[in-house]
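Chains as they are written, first to last, in the working numbering: chain A, 511 to 621; chain B, 3 to 117.
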C-alpha cells in the first residue's frame, strides 16, 4: 500500500529561525494538500498543490511540489510562536478519491 | 456558516461496551471522511462517503466498526464491542469538490478512551 513519510518527526527551533518539513510518497500523486493542527485542535487546511514543480507562497510559508510528483515540502521563514503545531501533508494518489495523511512533523518554537 | 460538528467531544467506556460517534457535515457537502489519530501519531484514514454511498472503506480496522450515512446527511461510526486499542481521537471531515480543489473541513473530533 501507499506509504507517506514526513521528516523530521519533531523539530524545535528558536523564534526567528527557519523550518522545513518534507513529505515523501512511494507512489506518484495526483495532488497534495497540507494541513496544520494546533495542540488540542483539529487539522486546518493550508493549501493544495496540483502541478509538477509547483511553488505556492502564503506570507511566510512556501509550499513546493516535486517534479516527479512524489514529494513535497513546506518551508516557514522566520518562525513565530503562533507557528507551533503539527504539520501534515495529505496526498491523493492518482485513481483514488481519498486523502492519506502523512506521519506529521511536530514543530515547537522557543521564544 | 456552521462547521463540521462532532459529538460527543469525549467518551469514556469500558472494554466490551458499545459507542456511537456522530458527525454532522457542512450542509451541501457530498464527501464525508472518518479519520482516527491514536496516541498523537499519524492521522489514519478510515472511510469515505460520497452522499450515502461508501466510496472507500479500506481503512476500517475490522468488523467491530460500522459506519453509516443515512440519507447522505449526518454520519455515525459505531464501535461494538470496543477494545483498548480503539482509544484515540476520531475526526470527521467533509468537503465539496469544486473543480480540482477539494478542501477538507474537519470537526473538533471525539476523544474516545476505552478502559
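Even glycine gets a Cβ: it sits at the ideal position worked out from N, Cα and C.
Quantities reported herein were computed from a predicted structural model and do not represent experimental measurements.
Test: residue i CB closer than 9 Å to a CB of chain A
{"i": "residue 12 of chain B", "result": "no"}
{"i": "residue 31 of chain B", "result": "no"}
{"i": "residue 44 of chain B", "result": "yes"}
{"i": "residue 111 of chain B", "result": "yes"}
{"i": "residue 21 of chain B", "result": "no"}
Span of the beta strand (DSSP E) around residue i
{"i": "residue 39 of chain B", "result": "33–39"}
{"i": "residue 64 of chain B", "result": "It is not in any beta strand (DSSP E) - residue 64 of chain B carries neither H nor E in the DSSP assignment."}
{"i": "residue 517 of chain A", "result": "514–517"}
{"i": "residue 593 of chain A", "result": "Premise fails: residue 593 of chain A is in no beta strand (DSSP E) and is neither H nor E."}
{"i": "residue 522 of chain A", "result": "520–524"}
{"i": "residue 532 of chain A", "result": "529–535"}
{"i": "residue 42 of chain B", "result": "From DSSP, residue 42 of chain B is part of no beta strand (DSSP E); its letter is neither H nor E."}
Alpha-carbon spacing of residue i relative to residue j, whole angstroms
{"i": "residue 108 of chain B", "j": "residue 554 of chain A", "result": "7 Å"}
{"i": "residue 10 of chain B", "j": "residue 99 of chain B", "result": "28 Å"}
{"i": "residue 543 of chain A", "j": "residue 57 of chain B", "result": "20 Å"}
{"i": "residue 123 of chain B", "j": "residue 116 of chain B", "result": "This structure leaves residue 123 of chain B out entirely; chain B is present only between 3 and 117."}
{"i": "residue 534 of chain A", "j": "residue 47 of chain B", "result": "18 Å"}
{"i": "residue 647 of chain A", "j": "residue 12 of chain B", "result": "Residue numbering for chain A in the displayed model covers 511 to 621; residue 647 of chain A lies beyond these limits and cannot be assessed."}
{"i": "residue 540 of chain A", "j": "residue 566 of chain A", "result": "17 Å"}
{"i": "residue 103 of chain B", "j": "residue 599 of chain A", "result": "15 Å"}
{"i": "residue 97 of chain B", "j": "residue 602 of chain A", "result": "14 Å"}
{"i": "residue 38 of chain B", "j": "residue 24 of chain B", "result": "14 Å"}
{"i": "residue 34 of chain B", "j": "residue 569 of chain A", "result": "30 Å"}
{"i": "residue 530 of chain A", "j": "residue 572 of chain A", "result": "9 Å"}
{"i": "residue 67 of chain B", "j": "residue 614 of chain A", "result": "25 Å"}
{"i": "residue 563 of chain A", "j": "residue 528 of chain A", "result": "22 Å"}
{"i": "residue 75 of chain B", "j": "residue 532 of chain A", "result": "36 Å"}
{"i": "residue 580 of chain A", "j": "residue 515 of chain A", "result": "11 Å"}
{"i": "residue 612 of chain A", "j": "residue 552 of chain A", "result": "15 Å"}
Neighbourhood of residue i by C-beta distance below 8 Å, restricted to the same chain and skipping five residues each side
{"i": "residue 618 of chain A", "result": "520, 521, 522, 523 and 594"}
Minimum Cβ-Cβ distance from residue i to chain B less than 9 Å
{"i": "residue 545 of chain A", "result": "yes"}
{"i": "residue 554 of chain A", "result": "yes"}
{"i": "residue 610 of chain A", "result": "yes"}
{"i": "residue 595 of chain A", "result": "no"}
{"i": "residue 581 of chain A", "result": "no"}
{"i": "residue 558 of chain A", "result": "yes"}
{"i": "residue 520 of chain A", "result": "no"}
{"i": "residue 600 of chain A", "result": "yes"}
{"i": "residue 606 of chain A", "result": "yes"}
{"i": "residue 534 of chain A", "result": "no"}
Same chain only: Cβ atoms within 7 Å of residue i, ignoring 5 sequence neighbours per side
{"i": "residue 525 of chain A", "result": "589, 590, 591, 619, 620 and 621"}
{"i": "residue 49 of chain B", "result": "36, 56, 58, 59, 61, 62 and 69"}
{"i": "residue 560 of chain A", "result": "541"}
Residue i - partner residues in DSSP beta bridges
{"i": "residue 566 of chain A", "result": "A:573"}
{"i": "residue 56 of chain B", "result": "B:51"}
{"i": "residue 600 of chain A", "result": "A:543"}
{"i": "residue 87 of chain B", "result": "Residue 87 of chain B is not bridged to any residue."}
{"i": "residue 557 of chain A", "result": "A:544"}
{"i": "residue 8 of chain B", "result": "B:25"}
{"i": "residue 100 of chain B", "result": "B:103"}
Interface flag, residue i vs chain E, CB-CB below 9 Å
{"i": "residue 538 of chain A", "result": "Of the chains in the structure shown, none is chain E; the protein chains are A and B."}
Beta-carbon proximity list for residue i, same chain, < 6 Å, skipping 5 on both sides
{"i": "residue 113 of chain B", "result": "12 and 91"}
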